[in-house]
Amino acid sequence: PDTPTIDTLVDAANVLVPRAGADGGAWTAADTLKNVVLAVTLPTGERQIVVIGVPGDRGVDLKRVEANIGSFLPIAGEIILEAANEEDLKKQPLIVKGYLGPGLSLDAPLLGTEGAAKLLYLVDPRVVSGSAWVTGANEAGKHVFGLVAGRDFGWDGVIECTEVRAGDEAPDGSGPLETARGIEMGHIFQLGRKYAEALELKVLDQNGKQVVVTMGSYGVGVTRAVAALAESNHDDKGLIWPRAVAPADVHVVAVGRGEEIFAAAEKLSLELEAAGLDVIYDDRPKVSPGVKFGDAELVGVPTILAVGRGLVDGVVEIKDRRSGNAENIAVEKAVDFCVDAVRNS
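According to my numbering, the sequence shown is numbered sequentially starting from 141.
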């Protein structure tokens, strides 16, 4: 009793029913059979209860269930799938919340067998004939150990329905799956017929009859593209824009207080623009060189051209934002150097 969840069941099992033998090991969630109750609203409006048996260490992925359950339902068409609510459970006296099993005796008929409970019972592919489970006994406060699939209970079908994990076998047999972080760049939403029916949006089908259309929404996230670029192109100083999508080609920074420095920086900016490059020019007169360099690295334009005290020797510093490499280039060659950097990257 008092073990309505997988975690509490496993804890109690290891105390009250320890596995036999020195090498038996401890009970884990993977040894339990979790029976998940779902409610399916059919196109007719009828609400049907479905029970799915999965290993207790696995969660049910409703999207996978929705994609695969159609072949087990009596009516084709759009369905609504969700976890069964309290009202659904009250209408099914054989379902004992927290202690649901696939059925053990004549008093608790096998779910999924014709007649009796009249509930569709599906199992995950990991529930195979001959496998033994710890599961609910369909009586409040009771569980059963060693319930064997195929011998003690049956099912109406096998459905791919659990959350995918790293290490699971790939559907095409190519080997174990790996997981990686990603970002949603676009999406497709199936809106169904709810809004189409409200708008009386109809078309003629292939038979010349009026039918309500099924609506969908398709989108590409432009701002998400920027976020994806930032996540994959940055360091601890700031952004590192890929050249192809950078907001500018060159970030010109006037470093110093002499008028000749600002005049040279402005002249170079105009020459770079005349050469067809996009330029950001930082001409703030009362900002320290450190702040200007920090801002330039934060913004992350691919090429940073600094005009400063090297001007007395006829050179400017040109830095590649991605590699961090900086070179002193003669002023008269700076524009060509930047143009070549853009063309060759």
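All C-beta atoms, glycine included, are put in the ideal place defined by N, C-alpha and C.
Range of the contiguous alpha helix (DSSP H) that encloses residue i
i: Asn208; result: Leu202 to Asn208
i: Gly430; result: Pro429 to Val439
i: Val155; result: Ile146 to Leu156
i: Asp228; result: Glu226 to Lys230
Where residue i falls, given that 16 or more other Cβ within 10 Å makes a residue buried
i: Gly255; result: Caution applies to Gly255, whose pLDDT of 44 falls short of 50 and renders its modelled position unreliable; the value that the coordinates give is listed next. Counting Cβ neighbours within 10 Å, Gly255 comes out exposed, since fewer than 16 surround it.
i: Asp476; result: exposed
i: Ala310; result: exposed
i: Leu262; result: buried
i: Ala166; result: exposed
i: Val399; result: Looking at the sequence itself, residue 399 is Glu, so the reference to Val does not match. The residue is exposed, with fewer than 16 neighbouring Cβ atoms inside 10 Å.
i: Asp171; result: buried
i: Tyr421; result: buried
i: Leu259; result: buried
i: Leu149; result: buried
i: Asp147; result: exposed
i: Leu331; result: exposed
i: Leu156; result: exposed
i: Thr143; result: buried
i: Ala404; result: buried
i: Gly196; result: buried
i: Arg461; result: buried
i: Val431; result: exposed
8 Å Cβ cutoff, residue i in contact with chain B
i: Asp292; result: Absent from the structure is chain B; it holds one protein chain and no more.
8 Å Cβ cutoff met for residue i and residue j
i: Ala367; j: Ile328; result: no
i: Asn468; j: Glu457; result: yes
i: Asn208; j: Tyr239; result: no
i: Val288; j: Ala272; result: yes
i: Pro242; j: Thr275; result: yes
i: Val441; j: Val395; result: no
i: Ala223; j: Leu178; result: yes
i: Val390; j: Leu417; result: yes
i: Leu408; j: Leu451; result: no
i: Leu339; j: Lys377; result: no
i: Thr181; j: Ile220; result: yes
i: Glu218; j: Arg383; result: no
i: Ile192; j: Val205; result: yes
i: Ala497; j: Thr443; result: Nothing can be reported for residue 497: it is not among the residues displayed for the chain, which extend from 141 to 485.
i: Leu412; j: Cys478; result: yes
Neighbourhood of residue i by C-beta, 7 Å cutoff - its chain only, sequence neighbours within 5 removed
i: Gly454; result: Ala470 and Val471
i: Val194; result: Lys174, Val176, Val200, Asp264, Cys301 and Thr302
i: Val268; result: Ala289
First and last residue of the uninterrupted beta strand (DSSP E) at residue i
i: Gly359; result: Met355 to Val360
i: Tyr335; result: Segment Lys334 to Ala338 is the alpha helix (DSSP H) holding Tyr335; no beta strand (DSSP E) there.
i: Val263; result: Leu260 to Val263
i: Glu467; result: Ala466 to Ala470
i: Arg187; result: Arg187 to Pro195
i: Leu344; result: Lys342 to Leu344
i: Lys459; result: Val455 to Asp460
i: Asn175; result: Leu173 to Thr181
i: Ile220; result: Ile220 to Ala223
Proximal residues to residue i (C-beta, below 6 Å), its chain only, five neighbours per side dropped
i: Arg488; result: The structure shown does not extend to residue 488, since the chain is modelled only from 141 to 485, so the question has no answer here.
i: Val353; result: Ala336, Leu341 and Val343
i: Pro158; result: none
i: Gly434; result: none
i: Gly281; result: Pro141
i: Gly307; result: Pro316
Same chain, Cβ closer than 8 Å to residue i, five either side skipped, listed in chain order
i: Val360; result: Met325 and Gly326
i: Arg364; result: Ile323, Glu324 and Met325
i: Gly210; result: Ala216 and Ile219
i: Ala370; result: Leu379
Enumerate, from N- to C-terminal direction, the unbroken beta strand (DSSP E) stretches of 3 or more residues contained entirely within the region 271-321. The DSSP assignment places 272-276 and 283-288 as complete runs of the beta strand (DSSP E) inside the region 271-321, in order along the chain (cut-off: 3 residues).
Please give me, in chain order, every unbroken run of the alpha helix (DSSP H) with length at least 4 that falls completely inside the region 368-426. Taking only runs of at least 4 residues, the alpha helix (DSSP H) segments lying wholly in the region 368-426 are 399-414.
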